[in-house]
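S.K.: Before I ask anything, here is the structure I am working with.
In our numbering, the protein residues as written are 10 to 386.
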């Protein structure tokens, strides 16, 4: 009786293990849901609307969905004042936090549709350049074919037009067949390249149309005018609370939303608690006795991190942290809005910031203080 080597069942087991492991279904992507913290909301077509009016400028917004790696909101802005106001989506930003009154997880600006449109235009220009270069290369190849055919014709004339031996006849037949196949393949490739180019241009054109029509675009709203569209923000899975800030005209509008992440486990069943939520520590519950601001150089090893700003709020109120250059020009707002009593920490990140001296001003109520940071990296 033939004996099966021991190695065979071992290899078979490894193969089956690999197959079943590879066939195991991946866990589904989580679903992000955001709902307004404010109880003063209205419902319209399944969306929960929240409203804010400041300095005769009204903003109504509602969470739409999580798509393409961003949090998408529907927004309407109306100017009821007597003067024009500028709506600039690149100034909109959100602040993510684990819980109300706790350290923030970071600030991120809204997706700027003007930058996205420019990116599409650059891609379209690159695609046209690529296709033109491809056409030139194919035209050069066709020219070489013509030169080869002309050379063969001249050779035929010189030799009397007919091959002299069977070997020459076979060589000529193979050469003609090769040339014909090469021309057919080149023509087929040209057609495929043309179709691919047309599809790329059509796809980019469609993307540009969407970016032109759907988002809130940079607009000067005259008195009595309004606009509506979508605004997108980068997500933060660790956050349970978002503060969305919209500077419009001379007013700053704030909206708070709670976030639920559904589908953290493989069967998309809601977890009992957010997976990144940790128990409150003594530092989290610290209530300072006085207002204070500390600005420390970045120490996380990331080039984009400029500084870590810590500010203390002994009582709740409106807080703002703004960055200025040496000449006193504002270059960014890190914090703006209502804050509960507690200690807050914000990471200031920027790759474009040049080396030099910068001032960080913290204001809340009647309190104001400024800290200096010398950036050298």
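For each residue, glycine too, the CB sits at the ideal point set by N, CA and C.
Use the C-beta contact count for residue 222: other C-beta atoms within 10 angstroms, 16 or more gives buried, fewer gives exposed.
M.R.: Counting Cβ neighbours within 10 Å, residue 222 comes out exposed, since fewer than 16 surround it.
S.K.: For a test of the three-state rule: what should DSSP assign to residue 89, helix, strand or coil?
M.R.: Of the three classes helix, strand and coil, the one that applies to residue 89 here is coil, per DSSP.
S.K.: Please confirm whether residue 239 and residue 82 have their CB atoms less than 9 Å apart.
M.R.: For residue 239 and residue 82, yes; Cβs fall inside 9 Å.
S.K.: Pick from 87, 94, 101 and 315: whose alpha carbon is nearest that of residue 253?
M.R.: Cα-wise, what sits closest to residue 253 is 101.
S.K.: Can you list, in chain order, the stretches of the alpha helix (DSSP H) that have 4 or more residues and sit fully within the stretch 204 to 280?
M.R.: The qualifying runs do not exist here; there are none.
S.K.: Just to confirm, are residue 302 and residue 319 a CB contact at a threshold of 9 Å?
M.R.: Contact flag set, yes.
S.K.: Do three or more CB pairs link the stretch 111 to 128 to the stretch 259 to 269 at distances below 8 Å?
M.R.: No contact exists between the stretch 111 to 128 and the stretch 259 to 269.
S.K.: Have a look at 74, 91, 209 and 60 and flag the residue whose alpha-carbon is nearest the alpha-carbon of residue 85.
M.R.: Ranking 74, 91, 209 and 60 by Cα distance to residue 85 puts 60 first.
S.K.: Could you tell me the alpha carbon to alpha carbon distance between residue 270 and residue 40, rounded to whole angstroms?
M.R.: So the alpha carbons of these two residues sit roughly 6 Å apart.
S.K.: Out of 72, 148 and 307, point me to the one whose CA is closest to residue 356's CA.
M.R.: When each option's Cα is compared against that of residue 356, the closest is 307.
S.K.: With distances taken Cα to Cα, identify the nearest neighbour of residue 316 among 233, 354, 296 and 336.
M.R.: For the residues 233, 354, 296 and 336, the minimum Cα distance to residue 316 belongs to 354.
S.K.: What whole-angstrom Cβ distance do residue 105 and residue 248 have, given they're in contact under 8 Å?
M.R.: About 4 Å separates the two Cβ atoms, so the contact holds.
S.K.: For residue 330, which three-state DSSP category applies?
M.R.: In this structure, residue 330 counts as strand in the three-state DSSP scheme.
S.K.: Taking the Cβ atom as the reference point for each residue, do residue 90 and residue 49 lie within a distance shorter than 9 Å?
M.R.: Contact: no.
S.K.: Beta-carbon separation of residue 330 and residue 374 under 9 Å?
M.R.: No.
S.K.: Applying the criterion that 16 or more other CB atoms from any shown protein chain within 10 Å of the CB defines a buried residue, is residue 464 buried or exposed?
M.R.: What the structure shows of the chain is the stretch from 10 to 386, and residue 464 is not part of that stretch, so it cannot be assessed.
S.K.: Report the rounded CA-to-CA distance for residue 379 versus residue 325, giving the unit in angstroms.
M.R.: Residue 379 and residue 325: Cα-Cα distance of roughly 20 Å.
S.K.: Classify residue 316 as helix, strand or coil using the three-state DSSP reduction.
M.R.: Correct three-state label for residue 316: strand.
S.K.: I'd like the list of long-range same chain contacts for residue 107, defined as Cβ closer than 7 Å, with 5 residues on each side in sequence excluded.
M.R.: The residues are 114, 247, 248, 249 and 286.
S.K.: If you measure between the beta carbons of residue 225 and residue 122, is that distance less than 9 Å?
M.R.: Taking 9 Å as the Cβ cut-off, residue 225 and residue 122 qualify as a contacting pair.
S.K.: Given that a residue counts as buried once 16 or more other Cβ atoms are within 10 Å of its Cβ, and exposed if not, what is residue 204?
M.R.: Flag for residue 204 reads exposed.
S.K.: For residue 352, does the count of other Cβ atoms within 10 angstroms reach 16, so buried, or fall short, so exposed?
M.R.: Looking at its Cβ environment, which holds 16 or more other Cβ atoms inside 10 Å, residue 352 is buried.
S.K.: Which residues does DSSP pair with residue 340 in a beta bridge?
M.R.: Residue 340 is not bridged to any residue.
S.K.: Rounded to whole angstroms, what is the Cα-Cα separation between residue 358 and residue 341?
M.R.: Residue 358 and residue 341: Cα-Cα distance of roughly 11 Å.
S.K.: My understanding is that residue 87 touches residue 212, with C-beta atoms under 8 Å, so please give their C-beta distance in whole angstroms.
M.R.: That belief does not hold up - the Cβ atoms of residue 87 and residue 212 are roughly 35 Å apart, past 8 Å.
S.K.: Would you kindly work out how many angstroms separate the C-alpha atoms of residue 120 and residue 233, rounded to a whole number?
M.R.: Taking the straight line from one Cα to the other gives about 27 Å.
S.K.: Answer yes or no: do residue 258 and residue 66 have a C-beta to C-beta separation smaller than 9 Å?
M.R.: Against a cut-off of 9 Å, the Cβ pair of residue 66 and residue 258 comes out as a contact.
S.K.: Looking only at C-alpha atoms, which of 368, 124 and 345 sits nearest to residue 336?
M.R.: Cα-wise, what sits closest to residue 336 is 368.
S.K.: On the three-state DSSP scale, how would you describe residue 129?
M.R.: The answer is helix: DSSP assigns residue 129 an H, G or I state.
S.K.: What does the alpha-carbon distance come out to for the pair residue 75 and residue 46?
M.R.: Using only the alpha carbons, I get a separation of about 18 Å.
S.K.: Of the choices 322, 95, 73 and 42, whose alpha-carbon is the least far from that of residue 54?
M.R.: The shortest C-alpha separation from residue 54 is found at 73.
S.K.: Compute the Euclidean distance between the alpha carbons of residue 371 and residue 206, then round it to the nearest angstrom.
M.R.: Looking at the two C-alpha atoms, the distance is approximately 53 Å.
S.K.: For residue 126, collect the residues of the same chain with a Cβ closer than 8 Å to its Cβ; drop the 5 residues on either side in sequence, then sort them by chain order.
M.R.: Around residue 126: 217, 220 and 221.
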